[in-house]
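Undergrad: To start, I am sharing the structure in question, which I have written as structure tokens.
Chains as they are written, first to last, in the numbering used here: chain U, 404 to 549; chain Z, -7 to 407.
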């Protein structure tokens, strides 16, 4: 098992640990998701068809507008949300939505988070101190979706 | 964040439970973006359309509304643009569901909280906007980019809960586009052509947005020829926000904080990247669909003005929309009334089209509408609508208004 620690800006929400779902693509709850089924529904998205429920969702930048703030809370309260959201580049809406939903959320890392974390990695996220710890099996095949 | 005595008292609950929740929530967001303090706000627009708010949002609003007034006193003027609701149209689109009544319930909760509910909507050209330099708290990304860029007022994206928090505190965290330095251009562009219609202006916004894709980047653009109109800039901004999550842009010599390159940039800019007309053509071609059967044409986002509807009526005069295609034309209720007076509505309805007022197509359960009707191929003049509806299972094609309407008559995608 290889363990790597990455620093980011201090974030929002509780410390959590889960399995990563990662891609070098962008993110909006309105533009990209079927929120009823908990999957990516945008055909051009690199995570198309993937379920994000309970995953540490790792993507590049927030996109689109304001809907994500209300929607993140709805997703959390209906049990159809990622466990945490890690973005290279957030916009205010994602931060406002994460705070409203009490969803673990971080951005502004010391490197490109979408290349540092692979789908399938076990990831510990502690937003209060701006820490992400990646646990990767030594024989990990690298099932990155991008 | 530095808190003054009033803000500390809010945190201690001395201004009621709603303000206590709100200031703590705003502090979390402010800390996330390294805000140093709060700034007072005069005007709030809260996004609260029924689809976006969801069940948990309604529960949250009910909890606030059930507090005694002393615990939830509003401290600033706030409005939410419900834009009316076209009950007959929604009964046709979603026959198993009373969306109009569901929306009325949200509007009633907002009114109970002291939020004015109204029809006017900046991007539909039926409302005035704040003044240059004014601190605002607006939620719609399209409204925010309009205010920052075209008006010169100042706002970040402040999503529904954020506007709600500001309602109770009368202030917002001072970061992002409230700071002079953040408002300067970060990426320089020069057009090698002048867009010939609003759809091309929208495509330009999409192209730049896809390229930069960051809230924190501010494109500055040099445009040849005549100054663009407000409507053209509106389409540019809507799509910069949709595709790039941008909150501000400059058009040199046109927008108020860009009288020249040096002012817009805050110094000497680098040589601008050139954008060609071919890139716009490629953007349209990228959606595909040529010759395919057309299920629905929806023209909205932004909604249509009287002059655009007049043009559509001219195209539809003595013609019929294809029986397998639905033509929906979205316009504010005030303009809909004008269309009835001018005889535009009669021409459109005789041809088989439908005028719809209220929230935009994409914000009224467009996924469920697609499932209800088995629709797939969508045509629209709005690159933003195409961007959203692609995630809802539609196959969108983007084209100028004339081509969309002519395609509706033919029942297939014309390019």
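Just so it is clear, CB atoms sit at the ideal spot from N, CA and C, and this is done for glycine as well.
Spatial neighbours of residue 77 (chain Z) within its chain, please: C-beta separation below 7 angstroms, excluding the five flanking residues on both sides.
TA: Taking the first residue of the second chain as position 1, residue 77 (chain Z) is located at position 85. 92, 95, 350.
Undergrad: To which residues of the same chain is residue 283 (chain Z) closer than 7 angstroms at the C-beta, ignoring the five residues directly before and after it?
TA: As a working mapping, residue 283 (chain Z) is identified with position 291 in the second chain. Hits under 7 angstroms: 404, 405.
Undergrad: DSSP three-state call for residue 249 (chain Z): helix, strand or coil?
TA: What you label residue 249 (chain Z) is simply residue 257 of the second chain in a count that begins at 1. Residue 249 (chain Z) falls in the coil class under three-state DSSP.
Undergrad: Output the boundary residues of the alpha helix (DSSP H) element that contains residue 80 (chain Z).
TA: Residue mapping note: residue 80 (chain Z) aligns to position 88 of the second chain, counting from 1. First-last of the alpha helix (DSSP H) with residue 80 (chain Z): 79 to 85.
Undergrad: If you follow the alpha helix (DSSP H) that residue 95 (chain Z) is in, where does it begin and where does it stop?
TA: Here residue 95 (chain Z) refers to the residue found at position 103 when the second chain is read from its first residue. Looking at the DSSP string, the run of the alpha helix (DSSP H) that includes residue 95 (chain Z) is 91 to 104.
Undergrad: Counting only Cβ pairs nearer than 7 angstroms, list the residues of chain Z close to residue 365 (chain U).
TA: No information on residue 365 (chain U) is available, as it lies outside the stretch 404 to 549 that chain U covers here.
Undergrad: Helix, strand or coil for residue 507 (chain U) per DSSP?
TA: The residue given as residue 507 (chain U) occupies position 104 in the first chain. Three-state DSSP puts residue 507 (chain U) in a strand.
Undergrad: Is the segment 381 to 399 of chain Z touching the segment 284 to 294 of chain Z, taking contact as three or more C-beta pairs under 8 angstroms?
TA: Touching, yes.
Undergrad: Which value, in whole angstroms, describes the spacing of the CA atoms of residue 47 (chain Z) and residue 479 (chain U)?
TA: For the purposes of this step, residue 47 (chain Z) is taken as residue 55 along the second chain, with counting starting at 1. For the purposes of this step, residue 479 (chain U) is taken as residue 76 along the first chain, with counting starting at 1. Distance between the alpha carbons of residue 47 (chain Z) and residue 479 (chain U): 12 angstroms.
Undergrad: Examine chain U for any beta-carbon lying closer than 8 angstroms to the beta-carbon of residue 293 (chain Z), and answer yes or no.
TA: Stepping through the second chain from its first residue, residue 293 (chain Z) is reached at position 301. No, because no Cβ of chain U sits closer than 8 angstroms to the Cβ of residue 293 (chain Z).
Undergrad: Hey, how far is the Cα of residue 500 (chain U) from the Cα of residue 434 (chain U)?
TA: By 1-based counting over the first chain, the position of residue 500 (chain U) is 97. By 1-based counting over the first chain, the position of residue 434 (chain U) is 31. Approximately 15 angstroms, taken between the alpha carbons.
Undergrad: Using the three-state DSSP reduction, which class does residue 169 (chain Z) fall into: helix, strand or coil?
TA: Working through the second chain from its first residue, we reach residue 169 (chain Z) at position 177. Helix.
Undergrad: May I have the straight-line CA-CA distance separating residue 180 (chain Z) from residue 507 (chain U), to the nearest angstrom?
TA: Residue mapping note: residue 180 (chain Z) aligns to position 188 of the second chain, counting from 1. Residue mapping note: residue 507 (chain U) aligns to position 104 of the first chain, counting from 1. Rounded to whole angstroms, residue 180 (chain Z) to residue 507 (chain U) spans 35 angstroms at the Cα level.
Undergrad: Would you list, in sequence order, the uninterrupted alpha helix (DSSP H) runs of no fewer than 4 residues that lie entirely inside the segment 217 to 283 of chain Z?
TA: List check, alpha helix (DSSP H) in window: 222 to 236, 253 to 257, 269 to 277.
Undergrad: At a Cβ threshold of 8 angstroms, is residue 516 (chain U) touching chain Z?
TA: The sequence position of residue 516 (chain U) within the first chain is 113, counting from 1. It does not; no Cβ of chain Z falls within 8 angstroms.
Undergrad: Quick one, are the C-beta atoms of residue 465 (chain U) and residue 490 (chain U) less than 8 angstroms apart?
TA: Position 62 of the first chain, counted from the first residue, corresponds to residue 465 (chain U). Position 87 of the first chain, counted from the first residue, corresponds to residue 490 (chain U). Yes. Within cutoff.
Undergrad: Give me the subset of the segment 427 to 441 of chain U whose CB atoms are less than 9 angstroms from a CB atom of chain Z, sorted by chain position.
TA: Cβ contacts with chain Z: 429, 431, 433, 434, 435, 436, 437, 438, 439.
Undergrad: Along chain U, which residues have their Cβ under 9 angstroms away from the Cβ of residue 39 (chain Z)?
TA: To locate residue 39 (chain Z), count along the second chain from 1; it is residue 47. The contacting residues are 468, 469, 470, 472, 473.
Undergrad: What did DSSP end up calling residue 556 (chain U) once you bin it into helix, strand or coil?
TA: Missing from the structure shown is residue 556 (chain U); chain U here goes from 404 to 549 and no further.
Undergrad: Mark residue 12 (chain Z) as exposed unless 16 or more other C-beta atoms lie within 10 angstroms of its C-beta, in which case mark it buried.
TA: Residue mapping note: residue 12 (chain Z) aligns to position 20 of the second chain, counting from 1. Its Cβ being crowded by 16 or more others within 10 Å, residue 12 (chain Z) is buried.
Undergrad: Can you find a CB in chain U that lies within less than 8 angstroms of the CB of residue 210 (chain Z)?
TA: For this step, residue 210 (chain Z) is matched to residue 218 along the second chain. Chain U, which has no Cβ nearer than 8 angstroms to the Cβ of residue 210 (chain Z), makes this no.
Undergrad: Identify whether residue 296 (chain Z) lies in helix, strand or coil by the three-state DSSP scheme.
TA: By 1-based counting over the second chain, the position of residue 296 (chain Z) is 304. In the structure shown, residue 296 (chain Z) sits in coil (DSSP, three-state: anything other than H, G, I, E or B).
Undergrad: Kindly list, in the order they appear in chain Z, the residues whose Cβ is closer than 9 angstroms to that of residue 536 (chain U).
TA: Taking the first chain and counting its residues from 1, one reaches residue 536 (chain U) at position 133. Per Cβ cutoff of 9 angstroms: no residues; residue 536 (chain U) is ~20 angstroms from chain Z at best.
Undergrad: Of all the beta strand (DSSP E) runs that stay within the bounds of the segment 0 to 52 of chain Z, which reach a length of 3 or more residues?
TA: 30 to 32, 35 to 37, all fully within the segment 0 to 52 of chain Z.
Undergrad: Using beta carbons (cut-off 8 angstroms, strictly below), is residue 138 (chain Z) in contact with chain U?
TA: Taking the second chain and counting its residues from 1, the one referred to as residue 138 (chain Z) is at position 146. No, residue 138 (chain Z) does not count as interfacial toward chain U.
Undergrad: Where does residue 448 (chain U) fall in DSSP's three states?
TA: The residue you call residue 448 (chain U) lines up with position 45 of the first chain. Residue 448 (chain U) falls in the coil class under three-state DSSP.
Undergrad: Ends of the alpha helix (DSSP H) at residue 538 (chain U)?
TA: As a working note, residue 538 (chain U) is residue 135 in the first chain. Here residue 538 (chain U) belongs to no alpha helix (DSSP H); instead the beta strand (DSSP E) covers 534 to 539.
Undergrad: Spell out whether any CB of chain Z is found under 8 angstroms from the CB atom of residue 500 (chain U).
TA: As a working mapping, residue 500 (chain U) is identified with position 97 in the first chain. For residue 500 (chain U), the answer is yes, since a Cβ of chain Z falls inside 8 angstroms of its Cβ.
Undergrad: With 8 angstroms set as the bound, which would you pick, yes or no: does the beta-carbon of residue 461 (chain U) sit closer than that to a beta-carbon of chain Z?
TA: Your numbering for residue 461 (chain U) matches position 58 in the first chain. Chain Z, which has no Cβ nearer than 8 angstroms to the Cβ of residue 461 (chain U), makes this no.
Undergrad: Give a yes or no on whether the minimum CB-CB distance between residue 484 (chain U) and chain Z is below 8 angstroms.
TA: Residue 484 (chain U) sits at position 81 when you count from the first residue of the first chain. Taking Cβ atoms only, chain Z never reaches closer than 8 angstroms to residue 484 (chain U), which makes this a no.
Undergrad: Taking 8 angstroms as the CB-CB cut-off, is residue 503 (chain U) touching chain Z?
TA: For this step, residue 503 (chain U) is matched to residue 100 along the first chain. Yes, its Cβ sits closer than 8 angstroms to a Cβ of chain Z.
Undergrad: What's the gap between the Cα of residue 449 (chain U) and the Cα of residue 430 (chain U)?
TA: Counting from one through the first chain, the residue named residue 449 (chain U) turns up at place 46. Counting from one through the first chain, the residue named residue 430 (chain U) turns up at place 27. Using only the alpha carbons, I get a separation of about 11 angstroms.
Undergrad: Between residue 72 (chain Z) and chain U, is there a C-beta pair that is closer than 8 angstroms?
TA: For the purposes of this step, residue 72 (chain Z) is taken as the residue at position 80 of the second chain. Not closer than 8 angstroms to any Cβ of chain U, the Cβ of residue 72 (chain Z) fails to qualify, so no.
Undergrad: Quick one: which chain U residues come within Cβ less than 7 angstroms of residue 364 (chain Z)?
TA: The residue given as residue 364 (chain Z) occupies position 372 in the second chain. What residue 364 (chain Z) touches in chain U: nothing, since even the nearest Cβ is about 14 angstroms away.
Undergrad: Taking the C-alpha atoms as reference points, what is the distance between residue 412 (chain Z) and residue -7 (chain Z)?
TA: The question about residue 412 (chain Z) has no answer, for chain Z in this structure spans -7 to 407.
Undergrad: Distance check for residue 331 (chain Z) and residue 307 (chain Z), CA to CA, integer angstroms please.
TA: Along the second chain, one-based indexing puts residue 307 (chain Z) at 315. Along the second chain, one-based indexing puts residue 331 (chain Z) at 339. Taking the straight line joining both Cα atoms gives about 15 angstroms.
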